[in-house]
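K.L.:
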Amino acid sequence: MRQVFLYWVFPYAVLESSFYVFVYLPRKKRLQKHPQCSSTRPSTALFVKCSQRLSGAPNYPLGWFSSHDLKHENVVECILWALFSCGPEDAQESWNDEIEIYVKKIVGLVDLITCVRLYAIGFGHYSPSIFGRVFPPRFLTLFSKPSITEHISYWYRPHKSLNKDPVVLSMIGLYPYVPFLKELIRTNPDMGILLIELIPITMHITSNAIPPQLEMLDALYTTMNSLGMSRAVLASHSYGTVIAAHSITKPLITGQLLIDPVCLLLHLPNVAYNFLYCVPRRANEWQLWYFASQDPDIAYTLSQCFFWADNILWKDDLVPKVAVILLGDDQIIPASAVQMYLTGEEEVKDRWLLEVLYYPGLDHATVFDTKEQRRGMIRVLDKFMSRSLIR
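In my numbering, the protein residues as written are 54 to 444.
Okay, here's the thing in structure tokens:
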């Protein structure tokens, strides 16, 4: 047996190992290297031609990406692959200005598509005269109806239901929430929706900061009254839950859905540290650091306009008809600590007396990514909107 091993098995093992080290690995490395880029690139002409032929692609450019959570670096990588025939590691510094022009055009196209999709499901846009005070310019405001207040712009879908309350949404931007809005409207076709825009935290440069607490609440209630909304359910996400902290005791708000709430256990350092000071290591942390923490208006809002003593929420403040969405791997808020604080239980359950939906393994804002994950939020809002519930 030993002779068989020495004469047959051992030489074969040496041969296989040699092939792996001296042939397979070098060949694998060589095959991964991209061919030399073409010296003549019709980049600009090709980009313009492609951008003019996007009919039949309402979700562009999402089809090019495995995730609907589109990031700046994803768009850059796609442009490098399509127009420059290389990856980020082979990109030349002299291309940066040209690439940024393409990225801005794609982002503008995404904004346009988002607006068109909102108009298509019954929304109208209302805005103060801020066209010249926001960069990149929001050409949409040239066609918007005037806002009743100078502090906020908003989208509004008229309320027609006689047995359900309308919904006020305080979110971050627009694009990630369009599928959620479409499903919500599909569930309740006659429901009215007021979607508040917080421009200083949507990666726009603006001369107006988020107004102080009293001015913000006055702007919200003035807007609701101007639209004939005497009562509504408030759904808020991330920084938008600051509005919830200010308005949670007001009788005008009949129910609340808090998603990724930054206001609970705000006396702990997690939110401020994770957003402003945490050294990024993982990909999602680099994304937050580069595209949010380093944005000048977002950084200014958090460091100069955010007063935790005014914005903090306690369990005692969460009166009946409040539900909280927590994501187990949230990189901003201490989700497990908040879950323990609200429920007093270590074991994760689907529902508590105070309704808490806990999603292990999901990061901040990713609950909006799939239809299955959005189902819980739709169910809660549908229940809270019903006027037949005992209040």
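Idealized CB from N, CA, C, for every residue including glycine.
For F196, is the classification buried or exposed, using 16 other Cβ atoms within 10 angstroms of its Cβ as the cut-off for buried?
P.N.:
Exposed is the call here.
K.L.:
Can you have a look at R404 and say buried or exposed, based on whether 16 or more other CB atoms are within 10 angstroms of its CB?
P.N.:
Summary for R404: the model assigns pLDDT 49, below 50, so the residue's position carries little reliability; its value from the coordinates is reported in the next sentence. R404 is exposed by the Cβ-count criterion.
K.L.:
By the 10 Å Cβ neighbour count, where 16 or more other Cβ atoms means buried, how is F75 classified, buried or exposed?
P.N.:
Exposed: under 16 other Cβ atoms inside 10 Å.
K.L.:
For Q426, name the three-state secondary structure that DSSP assigns.
P.N.:
Note: Q426 maps to helix in three-state DSSP.
K.L.:
With distances taken between CB atoms, is the gap from V286 to M438 smaller than 9 Å?
P.N.:
For V286 and M438, yes; Cβs fall inside 9 Å.
K.L.:
For a test of the three-state rule: what should DSSP assign to H212, helix, strand or coil?
P.N.:
Three-state DSSP puts H212 in coil, outside helix and strand.
K.L.:
Give me the Cα-Cα distance between L407 and D313, rounded to the nearest whole angstrom.
P.N.:
Going from the Cα of L407 to the Cα of D313 covers about 16 Å.
K.L.:
Here's the rule I'm using: 16 or more other beta-carbon atoms within 10 Å means buried, otherwise exposed. How should S300 be labelled?
P.N.:
The residue is buried, with at least 16 neighbouring Cβ atoms inside 10 Å.
K.L.:
Quick check: the Cα distance between M430 and D422, rounded to an integer number of angstroms?
P.N.:
C-alpha separation (whole angstroms): 12 Å.
K.L.:
Could you compute how far the alpha carbon of V393 sits from the alpha carbon of H320?
P.N.:
A small correction: the amino acid at residue 393 is Met; Val does not occupy that position in the sequence shown. Near 16 Å, if we compare the C-alpha coordinates of H320 and M393.
K.L.:
From the DSSP output, read off the bridge partner residues of T259.
P.N.:
In DSSP, T259 forms a bridge with V187.
K.L.:
Can you check which of these residues, W61, D383, C358, L68, is closest to I254 by C-alpha distance?
P.N.:
Per the Cα distances, C358.
K.L.:
Determine the extent of the alpha helix (DSSP H) in which S279 is found, giving its start and end residues.
P.N.:
Taken as a continuous stretch (DSSP letters only), the alpha helix (DSSP H) holding S279 covers 266-279.
K.L.:
From P264, T354, G381, pick the residue whose C-alpha is nearest to that of T419; which is it?
P.N.:
Per the Cα distances, G381.
K.L.:
Leaving out the 5 sequence neighbours to the left and right, which residues in its chain are closer than 7 Å to L193 when beta-carbon positions are compared?
P.N.:
Taken in chain order, the residues that qualify are C168, H178.
K.L.:
What is the DSSP secondary structure of K235, counted as helix, strand or coil?
P.N.:
Residue state, collapsed to three classes: helix.
K.L.:
Can you check whether the CB of A262 is closer than 9 Å to the CB of S202?
P.N.:
One detail in the question is off: residue 202 reads as Thr in this sequence, not Ser. No.
K.L.:
So for E203, helix, strand or coil by DSSP?
P.N.:
Of the three classes helix, strand and coil, the one that applies to E203 here is coil, per DSSP.
K.L.:
The ligand COA and I386: does the residue's C-beta get closer than 8 Å to at least one heavy atom of that ligand?
P.N.:
The ligand COA is absent from the structure shown, which contains no ligand whatsoever.
K.L.:
With a 10 Å radius around its C-beta and 16 neighbouring C-beta atoms as the bar for buried, classify G308 as buried or exposed.
P.N.:
So G308 counts as buried.
K.L.:
From what residue to what residue does the beta strand (DSSP E) around I296 run?
P.N.:
From DSSP, I296 is part of no beta strand (DSSP E) but of the alpha helix (DSSP H) over 294-300.
K.L.:
Could you name the residues of the same chain whose beta carbon sits closer than 6 Å to that of P211, not counting the 5 residues immediately before and after it, in chain order?
P.N.:
The residues are G245.
K.L.:
Taking S200 and Y207 to be in contact with their CB atoms under 8 Å, please state how far apart those CB atoms are, rounded to whole angstroms.
P.N.:
Confirmed, about 7 Å.
K.L.:
Quick one: is G293 buried, meaning 16 or more other Cβ sit within 10 Å of its Cβ, or exposed?
P.N.:
The residue is buried, with at least 16 neighbouring Cβ atoms inside 10 Å.
K.L.:
By Cβ distance, which residues of its chain are closer than 8 Å to V391, with the 5 residues on each side in sequence left out?
P.N.:
Cβ neighbours of V391 beyond the five flanking positions: P314, L317, L318, V377, L379.
K.L.:
Could you tell me which whole beta strand (DSSP E) segments of length 3 or greater appear in the segment 364-419?
P.N.:
List check, beta strand (DSSP E) in window: 375-380, 408-412.
K.L.:
Quick one: using the 10 Å Cβ neighbour count with 16 as the cut-off for buried, is P373 buried or exposed?
P.N.:
Exposed is the call here.
K.L.:
Starting from the C-beta of K217, find all residues in its chain whose C-beta is less than 7 Å away, skip the five residues before and the five after it, and write them out in chain order.
P.N.:
Once the five neighbours on either side are set aside, the close Cβ partners of K217 are N241, M244, M438, S439, R440.
K.L.:
Short of 8 Å in beta carbon distance, which residues of its chain neighbour L68, apart from the five on each side in sequence? Order them along the chain.
P.N.:
Taken in chain order, the list of residues that qualify is empty.
K.L.:
In whole angstroms, give me the CA-to-CA distance for L410 and R335.
P.N.:
So the two alpha carbons sit approximately 26 Å from each other.
K.L.:
On the DSSP bridge assignment, give the partners of L317 in chain order.
P.N.:
Answer by DSSP bridge pairing, in chain order: L366.
K.L.:
Check each candidate in A288, L366, F63 and name the one with the smallest Cα separation from R432.
P.N.:
Closest option to R432, Cα to Cα, is A288.
K.L.:
Along the chain, where does the alpha helix (DSSP H) containing L227 start, and where does it finish?
P.N.:
Taken as a continuous stretch (DSSP letters only), L227 belongs to no alpha helix (DSSP H), as it is neither H nor E.
K.L.:
For E250, count neighbouring C-beta atoms within 10 Å of its own C-beta (all shown protein chains included) and say buried if the count is 16 or more, exposed if not.
P.N.:
By the 10 Å Cβ count, E250 comes out buried.
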